[in-house]
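Working notes for the structure below.
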Amino acid sequence: MAQPQPQFQQNSPSGLNQQQYNSSSLKGSTVRVITGGAIIVMGVLEILWAIVLLAVPQDYYYCRVENIGWGIWGGVFAIVTGSFGIASMRHKSMVIVYMILAIIASVIGVGGLISSAGAAGCVGSTEHDYHYSNNYYNNSSDVNVHQQKIHLAFYILLAVTCAIQSLAAIIGASFTCVAVCPGSNNQPQQM
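No gaps in the numbering here: position 29 of the sequence shown is 29 in full-length UniProt numbering, and each next residue is one more.
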């Protein structure tokens with residue numbers, strides 16, 4: 001009597017294993033969706049903070065980092081990155097795209113953190129100089145002081161937002177390996 005031969009199963013994008021590629025059970029998908037959503041929120045906030053920095057006039061000229069538009073460009077890139085993070089929940093092909101974009105978004109976030117913190121330090125140091133020169137020349141203007149305080153506050157907010165974006169992007173990128181590493185989805189593999 002002939003014994004049944006063992007069947008070989010291959011993991012390929014066609015046939016029975018199509019569910020592996022379009023499944024909501026990809027490991028780490030919840031973390032990628034949460035970090036993707038956080039990156040989107042931080043991107044929207046970065047754009048808002050940058051618009052406020054551009055809209056509020058200022059009298060000093062050597063601390064003008066907002067003209068670069070770091071918050072706007074970084075925010076737009078963060079929104080795109082977060083969208084791919086949310087899309088990676090169901091499509092395995094989006095996981096790798098999210099990983100690459102999240103790594104780039106974390107670098108952009110660190111750059112925004114450094115430039116915003118540097119600008120906040122510059123504005124903070126000019127505030128003291130501004131008070132001294134205005135009191136010396138008896139030409140004090142509360143409007144200019146108020147504008148400097150607004151710029152200082154929004155540079156600090158932008159720096160904190162960029163730091164959170166960078167952290168969320170690093171966490172999101174690290175959880176992409178769970179979905180793309182071999183054997184990470186506990187799919188049966190027989191030979």
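In this text, a Cβ means the ideal position worked out from N, Cα and C, and glycines have one as well. Since the model is a prediction, treat every value here as computed from it, not as a measurement.
Is residue i helix, strand or coil by DSSP?
i: Ser174; result: helix
i: Met99; result: helix
i: Gln58; result: coil
i: Ser29; result: helix
i: Lys85; result: Note that residue 85 is Gly in the sequence shown, not Lys. Looking at Gly85 - three-state DSSP - the assignment turns out to be helix.
i: His146; result: helix
i: Gly36; result: helix
i: His91; result: coil
i: Cys162; result: helix
i: Gly112; result: helix
i: Gly69; result: coil
i: Cys122; result: helix
Applying the 10 Å Cβ sphere with the 16-neighbour rule, what's the burial state of residue i?
i: Ser115; result: buried
i: Ala105; result: buried
i: Thr30; result: exposed
i: Asn22; result: The predicted position of Asn22 is uncertain, since its pLDDT is 45 and thus under 50; a value taken from the coordinates is nonetheless stated next. That one is exposed.
i: Val123; result: buried
i: Ile47; result: buried
i: Ile40; result: buried
i: Ala55; result: exposed
i: Ile68; result: exposed
i: Val107; result: exposed
Have a look at the options and flag the residue whose alpha-carbon is nearest the alpha-carbon of residue i.
i: Gly75; options: Ala173, Ser166, Ile171; result: Ser166
i: residue 259; options: Gly112, Ser29, Lys149; result: Since the first and last residues shown for the chain are 1 and 191, residue 259 lies out of range.
i: Ala87; options: Ile47, Trp70, Ile34, Leu45; result: Ile34
i: Gly121; options: Trp49, Tyr98, Phe154; result: Phe154
i: Cys177; options: Ile68, Thr161, Val56, Met99; result: Met99
i: Ile72; options: Thr161, Ala169, Ala168, Cys181; result: Thr161
i: His146; options: Arg32, Leu53, Ile39; result: Leu53
i: Trp70; options: Ala119, Ser174, Gln148; result: Ala119
i: Ala38; options: Pro57, Leu157, Gln58, Ile79; result: Ile79
i: Lys149; options: Ser174, Gln58, Ile51, Leu45; result: Gln58
i: Ala159; options: Ile51, Gly109, Ala179; result: Gly109
i: Gln82; options: Gly36, Val180, Trp49; result: In the sequence as presented, Gln is not what sits at residue 82; that position holds Gly. The shortest C-alpha separation from Gly82 is found at Gly36.
Check the C-beta distance from residue i over to residue j and give it rounded, since I have them as a contact under 8 angstroms.
i: Gly172; j: Gly85; result: 5 angstroms
i: Ala102; j: Ala169; result: 4 angstroms
For residue i, is the beta carbon positioned less than 8 angstroms from some heavy atom of the ligand ATP?
i: Met42; result: In the structure on display, the ligand ATP does not appear, and there are no ligands present to speak of.
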